[in-house]
Each structure stands twice: as C-alpha cells, then as structure tokens.
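Chains as they are written, first to last, in full-length UniProt numbering: chain W, 1 to 295; chain H, 1 to 437; chain G, 1 to 294.
Note that beta-carbon positions come from the ideal geometry of N, C-alpha and C, so glycine has one too.
Structure first, commentary second.
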Amino acid sequence: MLRLTDTRRAYLMNGPAMIVLFALVAYPIGYSFWVSLHRQNLKRPKATKFIGLDNYFALWNDPAFLGSLRTTGLFVLVVVTMTVLLATALALVLNESFPGRGVLRSLALLPWAMPGVVNGLMWRTIFDAKTGALNGLLTSLGLIDTYQAWLSSPAGAFFLTAFAQVWNTLPFAVILLLAGLSTIPPDLYDAAKVDRAGVFQRFRQITLPWLLHPLLIVLILETMNSFRAFDTIYVLTGGGPGDATSVIAVLNVKTALTYTDFGLGSAYAWVITLLTLVVSVGYVAALYRKGSFEL
Amino acid sequence: MDRRQFLRAATIGTAFAAATPLLSACGAKARGDVVTLEGWDYEAQLVQQNVDRFTRLNPDVAVDYTPITSAQFIQKLTAEFLGGGGPDVLYMYDDSLAGSVEAEYLRPLDGIEGVDAIYDAVYPSNAASMTYQGKRYGLPYYTDSQALVYNAALLEKAGITTPPKTLDELEQQALRVKKAGVLEYPIGLPAQLADTAAQWLWALVYANDADLFDDRFQPVMSASGSAATAVFEWLRHAALDTRVLDPAAVQTLPVPLDNAVMAGRYAFVLAPRYALRSYNNPSKSKVAGAVKLAPVPSLDGRTEGTVSNSRMYCLGQHAADVEKSVRLLKYLGGFDAHGVPYTAKFWFLQRGLGYPFSALAKDPEVVRTIRTFADPIVYGRLAEVARARRIISVPWYAEFEAALQRVAQQVLVGGTSPADAVQDLDRQARTLAQRYA
Amino acid sequence: MTAVPLRYRVPWKRIVVYLVAAAFALYLVLPFYWIFAMSFMREVDAVSVPPEWIPSHPTLDNYLSFFRPDSAQALVGGRAIKETPYALGNSLIVASATALLNLVLAVPAAYSFSRLKFRGGKGLLMLYLVTRMVPTIAILIPFYLMMRSLGLLDNYGSLILSYLTFSLPVTIWVLKDFFRAVPRELEDAARVDRCGWFRTMWSVFLPVAAPGLVAAAVFAFMTAWNEFMFALFMTSTEAAKTMPVVAANFATDMNTQFTLMAAAGVVAVLPPLVLVLIFQRLIVRGMAAGSVKG
C-alpha cells in the first residue's frame, strides 16, 4: 500500500482546489500572455502576427498608457493611504468601549455590502451637478453659493472618485484591523499604564507592532483591489473628464473590447499584474526583514 | 502550417476545440429554430411589440430578441463574435460598420432579392453609410441629423425672439438669458464619453462647411484657421469665460440631457431632430410646445450644414438560417406587402426617429406627425444640408472618436488649449492610421 | 462641608473617542441614507432643489414597481425594473453556491497548510495569491471562450466557476490562518478516541473552526455578490443576470429615474447587509485568528 507521507497527503488535500483554480485560471492566464506577444486586432484578422515583446516595448511610447499608468499610480496611492489611515482610526475607536459601539460597528460594515456598481451610482447622485446631495448640503451650510459640477474638473473628478472608492473598501480593512486589535492581550496595556506610558507611546510600543501583520494584509489586498478598480470609476466618470480618471483597468477594457486590440489589451493586463506583484512583494519583503511576517 | 495559421488555431481554436461535440450539440439547439436579434436597448418594449407582430405574420419563424444596454453594446458584440457566436440579426451604428466588417462579424447583403429596391428608396447618404468597400451590409433603421434645439419660452423671458445664426450670437443670447437670471447655464451638451459619436461636435464643425479630414482621410483639423480650432476656441470661451455652457456637460449623457431640456433647465442644446418628439410631448415634458428647431449655428453665419447619422440592421456572419434571418431583416429594414416601409414608419410615428425612405416625406400621416413637434421647413432643411461622416469608413474610427471626445472634454474643462487640442488629434489620427496601415 | 479639591480631570480621551465615532457614523451612513431616502420619494421630490432630506410625500411606488413592471410608472426604465426581482434571485443563488463551494474546496487545502509540513507548501500558497493579482480583464476573454465551449454562458455555472476562482485563494488564506490557531490537542484527543480523520474533522475540528468558516464564507459571498465585469459578459438575459448588471442598466439605460435607481440600489445592498450584520461578531472573531502575529 502506498504510504501517505505528509507531502502526498497535503497535495491530495490541495488537489480539488488546485484543479479548479489552475484549470480555470492557468489557461486564461497563459492565453492572455500568448496573445500579448502578438499583433492581434479583431479588425485586422489577416495581420495577426507573432511579434515577441514588441507590444510591451511599444508601451513606453504610448501616451495613453503612460498617462493612465500615472493616473493609476496616484489613484492607488491616494486610495490605499486614505483607506489605511481611516481604517486604522476607525478600528482603534471601535476597539474602545463606549455606549453605541455595537451600532457603529454595524454601520462600519454597511459600505461593504454595496456592490461597486451601486456604489458608483450612489455617489453619482450625491455629486450630481443639478440635484446632488453634496451641493444641497454645502449650500445649506452656507459653504457654497451656487451648485457646482463637482465631477467636471479633472482634479475634482479624480479625488471624488478616489473618495467613493475608499468609502466602499473601508469596511474590509476595518474588519482585518479590528480582528488584529482584538488579539492584543489586555494585560500589555495594563502593564504599560503602570509604567505611565502615554496614549501615543502605548500606541507605538504595543498597538502598532501587533497591528503590523494585519496592516500588511490590508496593504496587499487594498493595493491589489485599487490597481484593479473598475466598477465605481466606470459608473461614476467613465474615465473622464478627458483622461483624469482613466485608470489602467478602464483603458484596458476599452482597448480590448471596444477597439478590439487584444494584443495590446493583454499586454496592459500583464503590466498591471506585474506591478501588483512587485508592489506586494515589496510590502512582504519590507515586513519580512522586520521579522513580523511568515507564511 | 505557418505561424499565422498556428496562432489562429491556438488563440481562437483551442478553447473550444476540445469541446467541439458539446459546442455543436448546443449550437444546433440554439440555432436554426430561432432567429436571434440583438440591439441596444432603446425602447426595448416597443421593439418586442414590433417583433411580436413579425412572428404573428411569419408563424414559422421564432425570434429571440435580446436588448443590450447601449453603453456595453459594442463590447458585448466583441465578446460574442470572438467566441464564434453572435446574433443572426443585429443593430449597427454607422460608426462601427467598418470595424465590424473588417472583424468579419457581418455578411454582405448584395444579391439578396429586394435589397436593391430598398437601397434605391433610401436617401443616397444613407445608402452610402450602409455600404463598405462597395458591398452593402445594412438595411435602414433610422437616419437623423443634429440641430440647434432652443426653448422659445425661456428665450422670450430674456427678450429674444429669433434663434442665433452664428456661434457668437449663440453665446451672446445665452449670456442675455444668464444675465436675465433665467438660467445659470443656458447651454447644455451631451459631452460625456460614449461609444457612439459626439454628434454635437461634428455638427458644429460641419455647420461651417468644413471637416476634420480631407477626402483622402488625412487630418486637416490642425491646419491654420481650421474650423475645428475655431469651434474648440468657442467651446472654451463659452465654458470658461462667459460661462454660459454648463460645466456639467462633461458628465452629461444624452438621456439626462433630454430630461434636463424637458424640465426646462436648458435654453439651448444640440440634439437630433427626433428628440423634439419627446421634448414637445406634454405627457413627458414640462416645456412641451416651447421647444423649437434651428439650423446649427456656424462661425460666420454664411455657411449651413450639420451631421447626419444612420442606424441599421445587419446580418450576422454566423446566421444559421439565412432565409428566415433575411425575412426578419427585411421586415425591420424593408417594405411590407403593400410596399410601405412599415418598421421605419412605425418608429417615426412612435418616437419621431428620422425616416430613411425619401418617399415617407410625402406620406400624409408622416407630414401630419412632423407638424405636431417641429417646424416642417426647418426639419426638411436640416436633412438637406446634413452630411454623413466619411471618416467612419476607416477601421480606426472607434479609437479616433474616443480621442476626439477626450480632447473635447479637456478643452471644456480648460485642461488643454484649442491649438494643442487639434495638434493632439492630428497626431493621434496619424498614429492610428499608421498602426492600421 | 469642606471644599472638594479640584481633582476633576477633563476626560480628553472619551471626548476624542466620541467625536471621532460620531464623525465616522455620519461618514458611513449619510451616503447610504441619501439613496435610502430617495428610494421612498416621488421623482419630482428627489430632484428638487434644495434637496429633501426626509421624503415629504413618502411612497412605496418605487419598490412596488418591481412587482408590477407593466404599470404606468414603469414606462420609464422598464426593462431594468422587470429584471430586478430575477436578478435578486440569481445573485442570491450564485453567491450562496460560491460561498458553499469555496468552503468545500478550501477546507482540506487550508487544513493541509495548517497541519502538515510539506515540500512546495509555501510556494503553492504564494501561487494561490498570485492568481488573485491577475486583473479580471486579462482573463475575461479566454474565460468567456471556455464557458462558451462548455455551454455555460447565461447560466449560473459560468458565474459560480468564475467567482470560485476569484475567492478561493483568499478563502484558503483566511482559513489557513484560522486553522493554525485551533489547538492541535483537540484532534489528538479525538484520535485517541479512535475517531477517523473525517469524523474528527466533522465533529471536532470544524465546529471549533466555525467562526473562521463563517468569515471565509461571507467573504466569498460578497465577492460573488459584488462582481460586475464577468457577470456583464457571461449573462444576457434574466436567466442569469445579477444585481450589479441590472443596477448598471439603471445608470446607462436609455431612460432612467433617480428614485427607481435608488430603490434598486437599496435592494442590491440589503441581502448582503443582513448577512454581515447577523454574522458580524463571527466575522471579526474569524479574522482575528488569522491576524495573530506569525
């Protein structure tokens, strides 16, 4: 009888998941990489040709791509920073005990339940230039005189889109951080109090180190999500005005499905994948050196 | 097997090569018995009504009609045809015809009985827009042209009685409306990014007897003193200096624009003629009766012109039962047993969609209906001076149109100067032409 | 009476906590409140200037129109309205099936990472995560071709399979961390009682791991519930269209009404919201194990 070593058993247990995952993802990934090595545009079926890495080299002279790369980078930076800051603050508050904590905790989960498309729709009605709630609110507070078209300026559209995205992704980060906070042994704080450590000192010396691991996970997942962000932007601005919110996912969908340029579209997709990978590896490596990460 | 063939097999073939038996099995069920019809979702319920009438008249044909959200219509077609599927009969924008033919989505209609008669009966520009490289691909759905649409009641409040002839007058009148406190932003435009052409922008250029490309499809928008530059200058001025053009224009899609007009929130918009059917319909519009048509203003008031567009029905490359599909196609885009273009007339009477058949202009029912929503003289004149875009016959039109809309938005929000805008478009057009050469 | 020495200290921390909590509460709830209130308004009130914060003529018409899509009001945006009830059902089925299948496939895999030391384990774990970094659009077209050849287009199958690939890596990661935190002694004790492995898993291990399972299932459910792009391309009729696809139709449909859109948005949010509210404690506890250092 075949002796079941740990390795054999482990692969047996991973078998079903591996089959499903790799059968359904490996082929599409391989396919899209293969296509990215070709000049392939549906509208030019006879001109399909293997061109090696030319699609990738062409990216460096492609203003649309470079522009959207900048936009995407900034978008990821803004969204991830805002999410991490807000989520940390919210998680810290939720970790305190005060009346109404349960309610706030429930509220914190609300945006999570909202599909990205609905999120985009919601913010669109809020930012609406003619009837929007934001205009109504700011007018009644006396902060503006007349209704503004918030999404019409490039900077306005960019930051408000990022804002809408943060609102949607915040709960996920809060849950992870809250879970991290809940594992900190309370006696650590008591000990620190005895040592008369101040609030900030306690945060730096106890809370932060314990939070590093969940923070890492939040950073990786939020970075991956915001590199891929599409739904909210698609509904809210469609990439405009001009190309102010034309992040790479939006450009990618247009290139592949509207312009039917699959070669270039696949190359775009691979660049996103690589960027996400590099950034994630960067996070992991940084924390690994600090000794706070292990698989 | 050379590399090219190998690639074709590898990229498109492998996915379902393994499952060919499955594919043919389910293909047989889906095809043949039922004619599939796909279109963007304009008035899907009316379409279904009309299709139901067809199946009553043709009991041997079952039709499966699927409306697709207009914003995703082209993208879904891409996916379907790439997968070797695609509907038997489908709607098509004139903008997308060239690309769809090049991508081998469509089957030419030449030689099918009755098609010649249809092409003889439609306006020549309409026939031309359904023809690509000498072959006929579409039967007409509707054709319409852009107009300056104004709300006479709002203009009257500012003491204005005649619509503007030049862009300068338009801006001045809008300024009077604004200063009279009638509206903060009297001019509206649907300048949000979309898959279909920014007709309003083309109309502004065409009003000057000018174009963005010459007859050999070389870009001319950046030539010194070009109409395109002047139009961009005007847009910038109206949006940022006199501030009569609604800054929300860059987020406005056609339907919200219609709603705003019908709520009395704009004094001037650029819109297709058929929009007046709704604008002047008291059950839909608060300003019914006050909305009027005018020619598209030009720079100097001496030239006349606007852009026309066509929508058509096409035959899918993979249509299984060609005879039945063609019967549906002809029902939608041809004549009935009495020689009347039933569906085209249906759409005009129901929603005012411009008729492609020239004979309908004399149809008493049509004439009567026009009078209910527009001045027949202006209505007819707009059709006479309208031109179709010839550049839509290049396979890179979709990319150029997207660039045009982006650049127009940048001009409107002050992100780029008109001079840079036309340079940018010129460069992009040349790059695209080269890439597709 | 002697004067009490002034030993009262301003409770700065409490004040800050309350202020921040109140600010967050507003931030979290106001945007949703806006469409919630709008969904009970008549269209004319919804577009009034200044906006109505509380519906002055509250009405259920928007919700009722989902049940009688052919009524007069539904002339506007008719098709999306008609599809909403179907889409709600489709979303529920697809998301629940995704969550369930996730657990079935991920439990053994996660267990192996938590209990067995095996060659290539770390690599495999990283590989799972890498599949998550591929943007949806990259695999959309080949996936579409595969589903077409399997005859699964416009069918729950294609959606469940695609969402399974999106959520499975995360599920495995979450469960692996949680399983690690479950003390080994439990299983050892069971083994002493001569329980078979499956018995041990079923009646001892999994019940203890319940919070982790719930958290992972909810995550998978949400992934499936929220996904838009694949649903858009894989489905074409109410046989399989999901809520995000129909909701997007409200935005891009040729005719659109704010109030109906708002009502559809609320409908799209409620089921997952109820789910997370019921399970919120378990979710946080489930995640907590995974966050333990190391």
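Under 7 Å by beta carbon: chain W residues contacting residue i
| i | result |
| --- | --- |
| GLY415 of chain H | PRO154, GLY242 |
| THR136 of chain G | ARG228 |
| THR131 of chain G | LEU21, VAL25 |
Minimum Cβ-Cβ distance from residue i to chain G less than 8 Å
| i | result |
| --- | --- |
| ARG196 of chain W | no |
| ALA28 of chain H | Note that ALA28 of chain H has pLDDT 36, beneath the 50 cutoff, so the model's placement of it is unreliable and the number below is only indicative. By this cut-off, ALA28 of chain H is not an interface position. |
| LEU160 of chain W | no |
| VAL253 of chain W | yes |
| ALA108 of chain W | yes |
| GLN72 of chain H | yes |
| ASN55 of chain W | no |
| PRO111 of chain W | yes |
| THR36 of chain H | no |
| ASP420 of chain H | no |
| SER280 of chain W | yes |
| PRO186 of chain W | no |
| SER246 of chain W | no |
| THR166 of chain H | no |
C-beta neighbour in chain H for residue i, strict 8 Å
| i | result |
| --- | --- |
| ILE81 of chain G | no |
| ARG42 of chain G | no |
| MET254 of chain G | With a pLDDT of 47 at MET254 of chain G, under the threshold of 50, the modelled position of that residue is not reliable, and no figure is offered here. |
| GLY239 of chain W | yes |
| THR71 of chain W | no |
| LEU105 of chain G | no |
Chain-ordered chain H contacts of residue i [CB-CB under 9 Å]
| i | result |
| --- | --- |
| ILE141 of chain G | THR78, ALA79, LEU82, GLY83 |
| ARG204 of chain W | Going along chain H, no residue has its Cβ under 9 Å from ARG204 of chain W, so there is no contact; the nearest lies around 43 Å. |
| LEU151 of chain W | ALA248, VAL250, GLN251 |
| THR146 of chain W | GLU184 |
Short Cβ contact (8 Å threshold) for residue i with residue j
| i | j | result |
| --- | --- | --- |
| LEU299 of chain H | ALA239 of chain H | no |
| TYR213 of chain H | ILE391 of chain H | Here residue 213 of chain H is Phe; the residue named in the question, Tyr, does not match the sequence. It is a contact, given that the beta carbons lie within the stated cut-off. |
| ARG9 of chain W | SER112 of chain G | yes |
| PHE373 of chain H | ARG311 of chain H | no |
| THR245 of chain W | SER280 of chain W | no |
| LEU109 of chain W | ARG101 of chain W | no |
| ALA224 of chain G | ALA247 of chain G | no |
Partner residues on chain G for residue i, Cβ-Cβ distance less than 7 Å
| i | result |
| --- | --- |
| ARG39 of chain W | Residues of chain G passing the Cβ test: none, with the nearest at roughly 16 Å. |
| ARG105 of chain W | GLN280 |
Residue i at chain W interface by Cβ criterion, 8 Å
| i | result |
| --- | --- |
| THR343 of chain H | no |
| LEU23 of chain H | Interpretation of LEU23 of chain H is limited by its pLDDT of 36, a score under 50 that renders its predicted location unreliable; the figure taken from the coordinates is listed afterwards. Chain W, which has no Cβ nearer than 8 Å to the Cβ of LEU23 of chain H, makes this no. |
| LEU382 of chain H | no |
| PHE179 of chain G | no |
| ALA174 of chain H | no |
| PHE32 of chain G | yes |
| ARG119 of chain G | yes |
| PRO395 of chain H | yes |
Cross-chain neighbours of residue i in chain W, by beta carbon under 9 Å
| i | result |
| --- | --- |
| SER112 of chain G | ASP6, ARG9, ALA10, TYR11, LEU12, MET13, ASN14 |
| ALA103 of chain H | ASN41, LEU42, LYS43, ARG44, PRO45, THR260 |
| GLN75 of chain H | VAL253, LYS254, ALA256, LEU257, THR258 |
Residues that residue i contacts on chain A, provided the C-beta gap is smaller than 8 Å
| i | result |
| --- | --- |
| ALA129 of chain W | Chain labels in this structure do not include chain A; the protein chains are W, H and G. |
Under 7 Å from the C-beta of residue i: neighbouring residues of chain H
| i | result |
| --- | --- |
| LEU137 of chain W | Going along chain H, no residue has its Cβ under 7 Å from LEU137 of chain W, so there is no contact; the nearest lies around 18 Å. |
Under 8 Å from the C-beta of residue i: neighbouring residues of chain W
| i | result |
| --- | --- |
| ARG265 of chain H | LYS130 |
(request) Taking 8 Å as the threshold, find out whether the stretch 135 to 142 of chain G comes into contact with the stretch 212 to 224 of chain G through three or more Cβ pairs. (result) no
(request) Note down, in chain order, all residues in the stretch 216 to 250 of chain G with a beta-carbon under 8 Å from any beta-carbon belonging to chain H. (result) LEU232, PHE233, SER236, THR237, ALA248, ASN249: these are the residues of the stretch 216 to 250 of chain G whose beta carbon lies less than 8 Å from some beta carbon of chain H, given in chain order.
(request) Pair every Cβ in the stretch 203 to 215 of chain W with every Cβ in the stretch 165 to 177 of chain W, then say whether three or more of these pairs are closer than 8 Å. (result) yes
(message) Three or more C-beta pairs under 8 Å: does that hold for the stretch 31 to 46 of chain H against the stretch 324 to 343 of chain H?
(response) yes
(message) Please list, in chain order, the residues of the stretch 143 to 173 of chain G that have any C-beta partner in chain H closer than 7 Å.
(response) TYR144, LEU145, MET146, ARG148, SER149, LEU150, GLY151
(message) Check whether the stretch 192 to 201 of chain H and the stretch 374 to 387 of chain H are in contact - that is, three or more C-beta pairs closer than 8 Å.
(response) Verdict: no, contact absent.
(request) Anything in the stretch 211 to 236 of chain W with a Cβ closer than 9 Å to a Cβ of chain G? List those residues in chain order, please. (result) The stretch 211 to 236 of chain W vs chain G, Cβ under 9 Å: LEU211, LEU212, HIS213, PRO214, ILE217, ILE220, LEU221, MET224, PHE227, ARG228, PHE230, ASP231, TYR234, VAL235.
(request) Give a yes or no on contact between the stretch 117 to 132 of chain H and the stretch 97 to 107 of chain H, applying the rule of three or more CB pairs nearer than 8 Å. (result) Cβ pair count under 8 Å is three or more, so yes.
(request) Check distances from the C-beta atoms of the stretch 37 to 50 of chain H to those of chain G and list, in chain order, the residues that come in under 9 Å. (result) GLU38, TRP40, ASP41, TYR42, GLU43, ALA44, GLN45
(message) Short of 7 Å Cβ to Cβ, which residues in the stretch 179 to 197 of chain H face chain W?
(response) For the stretch 179 to 197 of chain H, residues whose beta-carbon sits nearer than 7 Å to a beta-carbon of chain W comprise GLU184, GLN192, LEU193, ASP195.
(request) Report the residues of the stretch 116 to 139 of chain H with a CB closer than 8 Å to any CB of chain W, ordered along the chain. (result) none
(message) Tell me which residues of the stretch 7 to 20 of chain G have at least one Cβ-Cβ distance to chain W shorter than 8 Å, keeping chain order.
(response) LYS13, ARG14, VAL17, TYR18, VAL20
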